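Report on the structure given below.
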Amino acid sequence: KSRRNPPMPYITSSLQQDAGDKLNFAASHTMKVAQKLFEGVELSDGKAAGLITYMRTDGLHLSDEATKEIQSFVVEKFGQNFAEKNKRNYFKKVKNAQEAHEAIRPTDIRRLPSMLAGVLDEDSLKLYTLIWNRTVACQMEPAIIEHIQCDIANANQSIVFRSSCSRVEFEGFQAVYPDEENHHSEEAYKVLSALKCGQPLSLTKVEVGQQSTQPPPRYSEGALVKKLEELGIGRPSTYATTIKVLEDRNYVTVKSSTLHPEFRGRMVSAFLAHYFSEVTDYSFAADMETELDNVSSGITEWKGLMKDYWTRFSKHCECASG
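Residues in the sequence shown are numbered consecutively from 1, following the UniProt record's numbering.
Right under this line is the structure:
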């Protein structure tokens, strides 16, 4: 048996990734819709209300009040054994994370997506549902998965085939996400669990398939946001705009939900890599973010930082123009 832990609540980067993968939203569209949910809409009772917390955040924490409300809702909706016994805290130390705001969550967990069906437009309702589901799930118990494995061999044990499958013993947080494939895994589990050790089996069919290694896939917008976060490049407020600039300037185009570099983008990249290698190094942006944080907190004096940077940068400019 194994435990499958619930997902972490959404931060800006993970929301953009999930909305891209599950809803086919561009990062910029995700932020546009999230902005509408944050600013609020007029509800059926005529009152205006903001539906989610601030959507530009790298903080994974939830307020104690919100956590208690979520756990209380889970007990009412699913039962006591589905609710996390204690507040589940999440930590994900990424480079330059400021964690100034809560994770993205509904302002009222009892405002179900179904209650907003006649209030929100289609995309807004989809994104709200995504956020609502994740917020509820993050404070629920882990799912318990039962595994089974069978080795099937010929008479002299020279050929061994292995089959394995699993089934959900306790849904836990997965109760929020109906598993469409769960029925098929249950059927496979029944077949394997019915086998006895030493039981003779008859071979009815052999299928041969060929597989080959595949190169890394192209970046989707969501995957690129994830990589930027890992490298410490940018902030929650800049991920979507950074990608939009690349598209607006025709450096990249989106084809089949993946980013393809254009000739102009390749030329600009080659030029910058040749003449401004320091600036285009992945660590430069992350280090600069750290230095700017130090300026903001009073550790570093900004004039000295700018002088040091400009001295180096101007040499690159002279080299490029000469």
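Glycine residues also receive a C-beta, built at the ideal position from the N, C-alpha and C atoms.
Computed from a predicted model, the values in this text were never measured in an experiment.
query: Run through DSSP, which three-state label would Gln149 get?
result: Strand, per DSSP.
task: Just the C-alpha distance for Pro215 and Phe263, rounded to the nearest angstrom, thanks.
output: Put simply, the backbone Cα of Pro215 is about 22 Å away from that of Phe263.
- request: Take every Cβ of the region 5-16, pair it with every Cβ of the region 222-231, and state whether three or more of those distances are shorter than 8 Å.
  value: Between the region 5-16 and the region 222-231, the count of Cβ pairs shorter than 8 Å is three or higher; the stretches touch.
message: Could you check if Ser158 belongs to the surroundings of the ligand FAD, using beta carbon to heavy atom distance under 8 Å?
response: Although the ligand FAD was asked about, the structure shown includes no ligands whatsoever.
- request: Assign Met306 to buried or exposed, taking buried as 16 or more other Cβ atoms, counted over all protein chains shown, within 10 Å of its Cβ.
  value: Residue burial annotation: Met306 is exposed, with fewer than 16 other C-beta atoms found within 10 angstroms of its C-beta.
task: Can you say whether Glu317 is buried or exposed, counting buried as having 16 or more other CB atoms within 10 angstroms of its CB?
output: What sits at residue 317 in the sequence shown is Cys, not Glu. Taking all protein chains shown into account, Cys317 has fewer than 16 neighbouring C-beta atoms within 10 Å of its C-beta and is therefore exposed.
message: What does the alpha-carbon distance come out to for the pair Ser164 and Gly50?
response: Going by the C-alpha atoms only, they are around 47 Å apart.
message: Among Phe284, Leu62, Val295, Asp123, whose alpha-carbon lies nearest the alpha-carbon of Ile233?
response: For the residues Phe284, Leu62, Val295, Asp123, the minimum Cα distance to Ile233 belongs to Phe284.
field: Helix, strand or coil at Pro113 [DSSP, three-state]
entry: Correct three-state label for Pro113: helix.
field: Residue environment, Thr213, which counts as buried when at least 16 other CB atoms sit within 10 Å
entry: It counts as exposed.
task: Label Gln149 either buried or exposed according to how many other C-beta atoms from any shown protein chain fall within 10 Å of its C-beta, with 16 as the threshold for buried.
output: Taking all protein chains shown into account, Gln149 has fewer than 16 neighbouring C-beta atoms within 10 Å of its C-beta and is therefore exposed.
- prompt: Contact check, His147 vs Lys1 under 8 Å by CB: the rounded distance?
  reply: For His147 against Lys1, the beta-carbon gap comes to about 7 Å, under 8 Å, which counts as contact.
- prompt: Roughly how many whole angstroms lie between the Cα atoms of residue 323 and Asn5?
  reply: Shown here, the chain extends from 1 to 322; a query on residue 323 therefore has no answer.
task: Report the rounded CA-to-CA distance for Met288 versus Thr280, giving the unit in angstroms.
output: Each residue's alpha carbon lies about 12 Å from the other.
- request: Determine the DSSP secondary structure at Cys138, reduced to helix, strand or coil.
  value: Three-state result, Cys138: coil.
field: DSSP state of Lys205 mapped onto helix, strand, coil
entry: If DSSP states are grouped into helix, strand and coil, Lys205 belongs with coil.
task: For Glu69, collect the residues of the same chain with a Cβ closer than 6 Å to its Cβ; drop the 5 residues on either side in sequence, then sort them by chain order.
output: For Glu69, the CB contacts under 6 Å within the same chain, skipping 5 residues up- and downstream, are Ile109 in chain order.
message: Taking DSSP's pairing of strands, which residues face Ile144 in a bridge?
response: Looking at the DSSP assignment, Ile144 forms a beta bridge with Arg3, Phe170.
task: Going by DSSP, name the residue or residues bridged to Cys165.
output: Bridge partners of Cys165: Ile148.
- request: Compute the distance between the beta-carbons of Tyr10 and Arg134, then report whether it is under 9 Å.
  value: Yes, Cβ-Cβ distance for Tyr10 and Arg134 is below 9 Å.
Assigned secondary structure, Glu42 (DSSP; H/G/I helix, E/B strand, else coil): In the three-state scheme derived from DSSP, where H, G and I count as helix and E and B as strand, Glu42 is classed as strand.
field: Residues sharing a beta bridge with Val252, DSSP
entry: DSSP lists Pro261 as partners of Val252.
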